[in-house]
Amino acid sequence: MSASSCLALEGVGNSNANESLPCQIQNPAPEDANKVHEHKGYSAARRGNLAASDTGVSVLQEALYQEEDDLHAAVHQPIRTIPPEILSRILIFAVTGPLYYIPQSLDVKRAPSRHWRLWSLTAVCRQWKDVVEGSPQLWGSLVLFKGSGGGRLFSDIEGGAGELRLLAFDRALTLSGATPLDITLCASWIKGLEILSSHAPRIRRLVIGFPSEQGIISFNNLDILQDLILAFSTPPPALPTFGPLSRLRSLTIQCECCTGYQVWPMVTKSLDVGNLTKLAIVGWNLGHEGNVLAPWYFNCPALTHLSDATYHSIEAAHDGPTVTMDRLEYLCCMSTNQLRALSCPVLHTLVLLDLEAAHFRRVIIEKFLDRSKCIIQRLEFYLTSVWTPSLVDAMLRLLETAKDVVFKVDLGMDGPLADPMLQFIRDLGLHLDGAWRFAPHLEKMTIVVLADYISNLLTRGETALDGPLAELVEARLHDNVDLEVDVVLEFGGGLEQKSADAMWTKLETTKLCRELKSLGSKVTFLAREEETYNEGGLLQNDIFDNQGIVTRLDG
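Here the sequence shown stands for residues 1 to 555, numbered as in our numbering.
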């Protein structure tokens, strides 16, 4: 702007007060020299104040950084003084779960974040890195599974990402030292399997999932393999070849869209099952199979634990001699029909998965007990239908020697099941009032209620089923003041620790929990982790040992 322009603006509307400072500074009029000087002084003072403020901020930041460093040192210095062997035990306790490797995709969203924690611990400090890498027990559980990104199943990923994943997998196996390995395979990864095969003599537990499109994976030199889990979506054309498995003692066959009858011939062709002590045939769609006793009752004479979720028709006949399982201590079966041709002289635990009247008959139970001469001390009943007097009648003989009884019921949510289940609980209490005298040795009763009921309880705070359930517990305690009566609220899965804690805190405030505790009953919240690598229908938890529990909170 020119000097004449500034003078012209000064004369318009006597607007000297509105004149801009830049104009005055660039083109000062003689009569305004003092004012310009004042503005310059003011600007200089402001700049001085800003400089002083900047200096103060810098001092405060430096003090804050020092305080944070001091606090960090105060918190972490005691940790750094922990001897490495103690720190190693702490980390082993805190960092649980397997390490996940996704050959075909780097998308790790399907793997719980806590399972990646081990890698991040190596970056905390040099001491932690040395301790973590020097603790072989931390590196012994590894999972290869197909990522959710729909990657290629049979080929290895290419480029730097694939090589980094391969190097990490190799590094983990190296760090595991001589530790026995727990390996889960849900994906074909050629290079990864080549690396793993050199460590086969250290594999103690092996889980192999067979999605319908997956090829066959074979291993040799499985010298210490004790536990093998095979999960099938559909029957594969053949099973892997394993070589001699002299130490194999536990076998689980999980079937999704096939049955144990379909895959058993392949299993017995590939494996020697004569020395098995634990066998589980489980799944979701096993169907009504067979007109004779299943072959695994004949082929596995050394079994001590058997879980058989295969339906056996009541019309099934066994024309041959009774099968005697001399060592069987634990039997979990879908119905009593499997008992028709069995003799189990040392059996002490019996679990019945489907208590429908058609599958639970007193005459079968009585003949089995008379034939076996066994003493059943622990009973588990999964109640899936409306209670009937015939079920109680069939139960009486089993209660004669029982010390521990578990009733597992799904009480349902609102809707068509609400009224029948309400009557079910009332009838259960009513019938047990009459049957209780037949259980003179009973020391403990546990009632397990499942996720649908818990969800309803959390939403409303109380349900129509609360009263009858509390009355059932109260009646049992009235019958026997020394009886231990527990109630377990079992949530299906998918809960991290924080969510489980919040859910339990809310459950504790419900009327049901308060009333049960006032009666002297122990209330437990049980949450199971739902494994997310389940591409091949793999087991979420061990069928016998109840693994997979992430939270058990007692009230």
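The beta carbon of each residue, even a glycine, is placed where N, CA and C say it ideally should be.
Exercise. For the candidate residues Cys344, Arg80, Ser307 and Ser335, whose alpha-carbon lies nearest to that of methionine 325?
Worked result: Of the listed residues, the one whose Cα sits closest to methionine 325 is Cys344.
Problem set entry | Close-in-space but distant-in-sequence residues of the same chain around cysteine 374 (CB under 6 Å, 5 per side omitted) | Counting only Cβ-Cβ distances below 6 Å, and skipping sequence neighbours, we find Cys344, Pro345 and Leu347.
Exercise. To which residues does DSSP link aspartate 486 through a beta bridge?
Worked result: BP columns for aspartate 486 point to Thr446 and Lys522.
For this session: May I ask you to list the residues that DSSP assigns as paired with glutamate 380?
Result: In DSSP, glutamate 380 forms a bridge with Val351 and Val406.
For this session: Please find out if some non-hydrogen atom of the ligand ADP comes closer than 6 Å to the beta-carbon of arginine 204.
Result: This structure simply doesn't include the ligand ADP, nor any ligand for that matter.
Problem set entry | Selection from Val207, Gln137 and Arg46 that minimises the alpha carbon distance to leucine 225 | Closest by alpha carbon: Val207.
Exercise. What are the residues that DSSP puts in a beta bridge with serine 307?
Worked result: Bridge partners of serine 307: Ala280 and Cys332.
Exercise. Are the CB atoms of valine 351 and alanine 309 nearer to each other than 7 Å?
Worked result: No, these two residues do not count as a Cβ contact at 7 Å.
Exercise. Can you name, in chain order, every residue of its own chain whose Cβ lies under 6 Å from the Cβ of leucine 512, other than the five neighbours on each side?
Worked result: The residues are Asp466.
Exercise. Can threonine 241 and serine 218 be called in contact, C-beta distance under 7 Å?
Worked result: Cβ atoms of threonine 241 and serine 218: closer than 7 Å.
Exercise. Which of the three DSSP states, helix, strand or coil, is assigned to cysteine 255?
Worked result: Here cysteine 255 sits in strand by DSSP.
Exercise. Given a threshold of 16 other Cβ atoms within 10 Å of its Cβ, counted over all protein chains shown, does proline 468 qualify as buried or as exposed?
Worked result: Result: buried.
Exercise. So is alanine 294 buried or exposed if we call it buried at 16+ other beta carbons inside 10 Å?
Worked result: Flag for alanine 294 reads buried.
Problem set entry | Spatial distance of leucine 245 from leucine 271 (CA atoms) | Within the model, the alpha-carbon separation for leucine 245 versus leucine 271 is close to 8 Å.
Problem set entry | As assigned by DSSP and simplified to three states, the class of alanine 439 | Coil.
Problem set entry | Reduced DSSP category for aspartate 501 - H, G, I as helix; E, B as strand; rest coil | Looking at aspartate 501 - three-state DSSP - the assignment turns out to be helix.
For this session: Check threonine 55 in the structure and name its three-state DSSP category.
Result: If DSSP states are grouped into helix, strand and coil, threonine 55 belongs with the helices.
Problem set entry | CB-CB length for glycine 559 against cysteine 300, believed under 8 Å | Beyond the ends of the chain as shown, which are 1 and 555, falls residue 559; an answer cannot be given.
Problem set entry | Per DSSP, cross-strand counterpart(s) of isoleucine 203 | DSSP lists Leu181 as partners of isoleucine 203.
For this session: Report the residue from Ala231, Met266 and Arg247 whose alpha carbon sits nearest the alpha carbon of cysteine 257.
Result: Considering only alpha carbons, the answer is Ala231.
Exercise. Can you tell which of Thr463, Gly461 and Val485 has the C-alpha that lies nearest to the C-alpha of leucine 472?
Worked result: It is Val485.
Exercise. Looking only at DSSP bridge pairs, what is serine 227 linked to?
Worked result: Residue identity differs from the one stated: residue 227 is aspartate in this sequence, not serine. As a beta-bridge residue in DSSP terms, aspartate 227 pairs with Arg205 and Ser250.
Problem set entry | 7 Å Cβ cutoff met for isoleucine 454 and phenylalanine 491 | Taking the C-beta atoms as reference points, phenylalanine 491 is found nearer than 7 Å to isoleucine 454.
Problem set entry | Straight-line gap, glutamate 515 to methionine 395 (C-alpha atoms, nearest Å) | Straight-line Cα distance between these residues: approximately 29 Å.
For this session: Kindly indicate the opening and closing residues of the alpha helix (DSSP H) around leucine 87.
Result: Annotation: the continuous alpha helix (DSSP H) that includes leucine 87 extends over 84 to 94.
Problem set entry | Identity of the residue in Lys403, Lys35, Val323 and Leu193 nearest phenylalanine 368 by Cα | Nearest C-alpha to phenylalanine 368: Val323.
Exercise. Straight-line CA distance for alanine 51 to valine 57?
Worked result: Taking the straight line joining both Cα atoms gives about 10 Å.
Exercise. Phenylalanine 169 by DSSP, collapsed to three states: which one?
Worked result: Under the three-state reduction of DSSP, phenylalanine 169 is assigned to helix.
Problem set entry | Continuous beta strand (DSSP E) stretch holding leucine 99: start and end | 99 to 101 is the span of the beta strand (DSSP E), which, as asked, contains leucine 99.
Exercise. Taking just the CA atoms, how far does methionine 503 sit from valine 523?
Worked result: Each residue's CA atom was taken as its position, placing valine 523 and methionine 503 some 14 Å apart.
Problem set entry | When Lys408, Ile376 and Tyr382 are compared against threonine 401, the one with the closest alpha-carbon | The residue among Lys408, Ile376 and Tyr382 with its C-alpha nearest the C-alpha of threonine 401 is Ile376.
For this session: Identify which residue in Ser518, Phe525, Leu519 and Ser521 has its Cα closest to the Cα of leucine 507.
Result: Relative to leucine 507, the option among Ser518, Phe525, Leu519 and Ser521 whose CA is nearest is Phe525.
For this session: Give the secondary structure of serine 270 by DSSP, where H, G and I count as helix, E and B as strand, and everything else as coil.
Result: Under the three-state reduction of DSSP output, serine 270 falls in the helix class.
Exercise. When you compare only the Cα positions, how much space is there between arginine 165 and glutamate 67?
Worked result: In a straight line, the C-alpha of arginine 165 is about 40 Å away from that of glutamate 67.
Exercise. Is the beta carbon of threonine 277 sitting closer than 7 Å to the one on alanine 302?
Worked result: Less than 7 Å divides the Cβ of threonine 277 from the Cβ of alanine 302.
Exercise. In chain order, what residues of the same chain have a beta carbon less than 6 Å from the beta carbon of arginine 378, not counting five sequence neighbours either side?
Worked result: Excluding positions up to five away in sequence, the list reads Thr349 and Asp404.
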